[in-house]
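Going by my numbering, 767 is the number at position 279 of the sequence shown; the sequence numbering is gapless. Every residue gets a Cβ at the ideal spot worked out from N, C-alpha and C, and that includes glycine. Treat the numbers as computed from the prediction; the structure is a model and nothing was measured. Before any comments, here is the structure.
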Amino acid sequence: MGNTLGLAPMGALPRRSPRREEPLPNPGSFDELHRLCKDVFPAQMEGVKLVVNKVLSSHFQVAHTVHMSALGLPGYHLHAAYAGDWQLSPAEVFPTVVGDMDSSGSLNAQVLLLLAERLRAKAVFQTQQAKFLTWQFDGEYRGDDYTATLTLGNPDLIGESVIMVAHFLQSLTHRLVLGGELVYHRRPGEEGAILTLAGKYSAVHWVATLNVGSGGAHASYYHRANDQVQVGVEFEANTRLQDTTFSFGYHLTLPQANMVFRGLVDSNWCVGAVLEKKMPPLPITLALGAFLNHWRNRFHCGFSITVG
């Protein structure tokens with residue numbers, strides 16, 4: 489018997505299907521490039537804080553915060569948030585309205601809207617009592633593998649002053665993202681622009697990010713050792729202030745004890761740590777933090793209770 493496959497007609501031979509390449513992912517927003525590394529570091533704490541969260545409905549929730557500190561007068565904050573019905577991801581719900589007002593009447597407000605499937609809009613307002621300090625408008629377009637954002641800050645047509653920021657990120661591969669930022673400011677007698685280039689490389693267990701421009705450089709490295717241990721390294725250099733800072737942070741999760749520990753040490757001789765402890769079945773979270781600056785001989789500690 490001969491080779492039957494060799495005698496078969498060409499049309500009867502099996503054909504290898506062309507390899508389908510997966511589409512490149514969207515790189516996200518420019519402001520989130522260093523987010524993984526920053527989440528490792530503990531937040532500054534000072535004084536005593538009580539936070540009471542209350543969910544009024546599936547769309548509306550409020551929070552009451554009372555803060556007592558030795559560095560200033562006691563303060564009260566009312567935080568309210570509304571989330572709509574359009575949910576694109578676990579972290580993106582539209583429309584979203586967030587407001588925070590303190591006991592002096594100062595307000596911080598933010599509105600997020602989904603104008604189209606790929607087009608997002610954001611407005612931010614900040615007041616100090618009855619005076620406007622900041623008003624900002626953002627427009628963001630998210631393509632299949634790129635993101636473009638345009639921001640207008642404090643636009644004043646009469647005074648001919650404005651701050652304009654343009655961001656662009658492009659996914660070159662599934663791991664590599666490149667882009668840039670252009671900041672343009674104008675006011676009477678002064679005008680200038682700053683260009684910053686950015687790059688991000690994401691591996692399986694680590695992420696490296698770099699921003700470099702005429703204003704300085706910002707580099708970060710995030711590494712997830714396992715489900716319990718995360719570390720982050722951050723380097724910042726400011727050419728205008730002639731200042732350079734190097735920081736190391738770590739994040740330790742103890743799920744059996746319902747505890748999270750964050751710590752940091754930087755080149756300014758500062759060390760700090762925050763310990764968070766959940767108290768199930770009660771909806772209470774306790775946090776204790778301490779920060780020490782050896783160079784300036786300053787020590788701050790704080791304690792907070794979060795209900796809800």
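TODO: Please check if any C-beta of chain D sits within less than 8 Å of the C-beta of Ser702.
DONE: Absent from the structure is chain D; it holds one protein chain and no more.
TODO: Please go through the segment 560-646 and give each complete beta strand (DSSP E) segment of 3 or more residues, from N-terminal end onward.
DONE: For secondary structure counted as the beta strand (DSSP E) over 3 or more consecutive residues, the segment 560-646 holds these complete runs in sequence order: 563-577, 580-590, 595-602, 607-616, 619-630, 634-644.
Open item on the list: To the nearest angstrom, how far is the alpha carbon of Thr732 from that of Ser545?
Closed with: Here the question's residue 732 lines up with position 244 in the sequence shown. Here the question's residue 545 lines up with position 57 in the sequence shown. Whole-angstrom Cα-Cα distance: 47 Å.
Open item on the list: Suppose you measure from the CA of Thr684 to the CA of Asn746; what does that come to, to the nearest Å?
Closed with: Numbered from 1 along the sequence shown, position 196 holds the residue referred to as residue 684. Numbered from 1 along the sequence shown, position 258 holds the residue referred to as residue 746. Take the alpha-carbon of Thr684 and the one of Asn746: they are about 41 Å apart.
Open item on the list: Would Gln549 and Ala579 qualify as a contact pair, given that the criterion is a beta-carbon distance under 8 Å?
Closed with: Translated into the one-based positions of the sequence shown, residue 549 becomes position 61. Translated into the one-based positions of the sequence shown, residue 579 becomes position 91. Cβ distance not < 8 Å, so Gln549 and Ala579 don't count as in contact.
Task: Unbroken beta strand (DSSP E) run spanning Trp523, endpoints - done: Your numbering for residue 523 matches position 35 in the sequence shown. A small correction: the amino acid at residue 523 is Arg; Trp does not occupy that position in the sequence shown. Run containing Arg523: none in the beta strand (DSSP E); it sits in the alpha helix (DSSP H), 523-526.
Task: Continuous beta strand (DSSP E) stretch holding Thr553: start and end - done: The residue given as residue 553 occupies position 65 in the sequence shown. 548-556 is the span of the beta strand (DSSP E), which, as asked, contains Thr553.
- [ ] Closer than 6 Å by C-beta to Ala636: which residues in its own chain qualify, once you throw out the five before and the five after it? Chain order, please.
- [x] As a first step, residue 636 must be located in the sequence shown, where it is residue number 148. Excluding its 5 nearest sequence neighbours in each direction, Ala636 has C-beta neighbours in its own chain below 6 Å: Tyr629, Phe656, listed in chain order.
Open item on the list: Using C-beta distances below 7 Å, list every residue in its chain close to Gly557, excluding the 5 sequence neighbours before and after it, in chain order.
Closed with: For this step, residue 557 is matched to residue 69 along the sequence shown. One point to set straight first is that residue 557 is Ser, not Gly, in the sequence displayed. Cβ within range, chain order: Glu534, Gly535.
Task: Whole-angstrom C-beta distance between Gly796 and Lys542, which should lie under 8 Å - done: Working through the sequence shown from its first residue, we reach residue 542 at position 54. Working through the sequence shown from its first residue, we reach residue 796 at position 308. Separation of the CB atoms of Lys542 and Gly796 is rounded to 6 Å, and the pair is thereby assigned contact status at 8 Å.
Task: Outcome for Lys688 when other beta-carbon atoms lying within 10 angstroms are tallied against a minimum of 16 - done: The sequence position of residue 688 within the sequence shown is 200, counting from 1. So Lys688 ends up on the buried side.
Open item on the list: Are the CB atoms of Ala604 and Thr584 within a distance shorter than 8 Å?
Closed with: Within the sequence shown, residue 584 is the residue found at index 96, counting from 1. Within the sequence shown, residue 604 is the residue found at index 116, counting from 1. Contact: no.
Task: Residues that DSSP places opposite Ala696 in a beta bridge - done: By one-based count along the sequence shown, residue 696 stands at place 208. When beta bridges are read from the DSSP output, Ala696 appears opposite Tyr689, Tyr709.
Task: Through-space distance from Ala761 to Val581, alpha-carbon basis - done: The residue given as residue 581 occupies position 93 in the sequence shown. The residue given as residue 761 occupies position 273 in the sequence shown. If you take the alpha carbons of Val581 and Ala761, they lie about 32 Å apart.
Task: Cutoff 7 Å; reference Pro643; Cβ partners in own chain excluding five residues on either side - done: Locating residue 643 in the sequence shown gives position 155, counting from the first residue. For Pro643, where only same-chain residues beyond five positions count, the Cβ hits under 7 Å are Val650.
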